[in-house]
Amino acid sequence: MPHVYPRHMQSRYVNGLTIRSLRDGDTDTVSSLFARMGQSSRERRFCGAKPRLSDLELSHLARVDRDHHVLVGFVDGDSEPVGIARLVRDGSSAEIAFAVADDLQSRGVGSTLASVLADDARAAGITQLVATVCGDNPRVVALLKRLGDSLSESWQGREREFLVGLGP
Ligand SMILES: CC(C)(COP(=O)(O)OP(=O)(O)OC[C@H]1O[C@@H](n2cnc3c(N)ncnc32)[C@H](O)[C@@H]1OP(=O)(O)O)[C@@H](O)C(=O)NCCC(=O)NCCS
30 MPHVYPRHMQ SRYVNGLTIR SLRDGDTDTV SSLFARMGQS SRERRFCGAK
80 PRLSDLELSH LARVDRDHHV LVGFVDGDSE PVGIARLVRD GSSAEIAFAV
130 ADDLQSRGVG STLASVLADD ARAAGITQLV ATVCGDNPRV VALLKRLGDS
180 LSESWQGRER EFLVGLGP
């Protein structure tokens, strides 16, 4: 009996991902993505319980300037953001963090945003990225491993700090 194949080939990756920079002060976009994250994602992103974002936290997360760079991902047919990657510069180093909507995790959105963010960092002369990882988070660790030229890891209390070298 012949195999019955699905009509369309399925990809693990999201088609039609568009990445743009966040506009300074665009708290609506930050809120929209936060609303698409469940409790466990929020805990991983913010290293602790985070049922809601305060106005102060929102304005901090939506800040864009010389040292704050934020990328937002959108997919075709979905008006709400599916992921955010942010970078806060401190000299030649930058703190990075990522968040992807729960229903689109594990489909390459975080890796794609991270890769574009690392390219932007390199272009701006940043040579090291710093990521704080709380608890067990194999997705972000896998993502960080492929991000730069080198990776080192150290424990800071109950959190792990990863240093990603971006090379010359
Ligand atoms: C961490 C996060 C940003 C990763 O983004 P994502 O779009 O889900 O991840 P990707 O699909 O790009 O996959 C990243 C890697 O994790 C791996 N991965 C995916 N699902 C996995 C799973 N369930 N277990 C282990 N590894 C997994 C993928 O294989 C990929 O590695 P590879 O490319 O070497 O195969 C996203 O899951 C997220 O927002 N999590 C909650 C918030 C968070 O943890 N933020 C990070 C704080 S710095």
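If you want our numbering, it's the position in the sequence shown, counting the first as 1, plus 29.
The C-beta atom is built at its ideal place from N, Cα and C for all residues, glycine as well.
Kindly list the residues whose CB is nearer than 6 Å to the CB of residue i, restricted to its own chain and excluding five residues on each side of it in sequence; keep chain order.
| i | result |
| --- | --- |
| serine 183 | Glu190 |
| proline 35 | With a pLDDT of 49 at proline 35, under the threshold of 50, the predicted position of this residue should be treated as unreliable, though the coordinate-derived value follows. Taken in chain order, the list of residues that qualify is empty. |
| methionine 30 | Only weak support exists for where methionine 30 lies, its pLDDT of 45 falling under 50; the value from the coordinates is given anyway. Answer for methionine 30: no residue qualifies. |
| lysine 79 | Arg71 |
| glutamate 74 | The question names glutamate, but residue 74 is arginine in the sequence shown. Once the five neighbours on either side are set aside, the close Cβ partners of arginine 74 are Ala128. |
Return the first residue and the last residue of the beta strand (DSSP E) that residue i is part of.
| i | result |
| --- | --- |
| glutamine 157 | 157 to 163 |
| leucine 46 | 46 to 50 |
If you measure from the CB of residue i, is any heavy atom of ligand 1 nearer than 8 Å?
| i | result |
| --- | --- |
| tyrosine 171 | Note that residue 171 is alanine in the sequence shown here, rather than tyrosine. Yes, ligand 1 has a heavy atom inside 8 Å of this Cβ. |
| lysine 174 | yes |
| serine 70 | yes |
| glutamine 157 | no |
| threonine 161 | yes |
| arginine 73 | yes |
| glutamine 185 | no |
| threonine 58 | no |
Give every residue of the same chain whose Cβ lies closer than 7 Å to the Cβ of residue i, excluding the five residues on either side of it in the sequence, and list them in chain order.
| i | result |
| --- | --- |
| leucine 87 | Thr56, Val59 and Ser60 |
| cysteine 76 | Thr161, Cys163 and Glu188 |
| aspartate 131 | Arg65, Met66, Gly67 and Ser70 |
| aspartate 96 | Val117 and Arg118 |
At a Cβ threshold of 9 Å, is residue i touching chain D?
| i | result |
| --- | --- |
| glycine 186 | Here chain D cannot be found, since the structure has a single protein chain. |
Leaving out the 5 sequence neighbours to the left and right, which residues in its chain are closer than 8 Å to residue i when beta-carbon positions are compared?
| i | result |
| --- | --- |
| leucine 195 | Ala147, Ala150, Arg151, Ile155, Thr156, Gln157, Leu158, Gly177 and Asp178 |
| lysine 174 | Leu180 |
| threonine 47 | Gly102, Phe103, Val104 and Asp105 |
Okay, do the region 130 to 140 and the region 167 to 176 touch, 3+ Cβ pairs below 8 Å being the bar? yes
What are the complete alpha helix (DSSP H) segments, minimum 4 residues, inside the region 113 to 197? 138 to 152 and 167 to 174
Is the region 142 to 150 in contact with the region 110 to 119, if contact means three or more CB pairs nearer than 8 Å? yes
Residue ranges of each alpha helix (DSSP H) run of no fewer than 4 residues wholly in the region 63 to 107, ordered along the chain? 68 to 75 and 84 to 90
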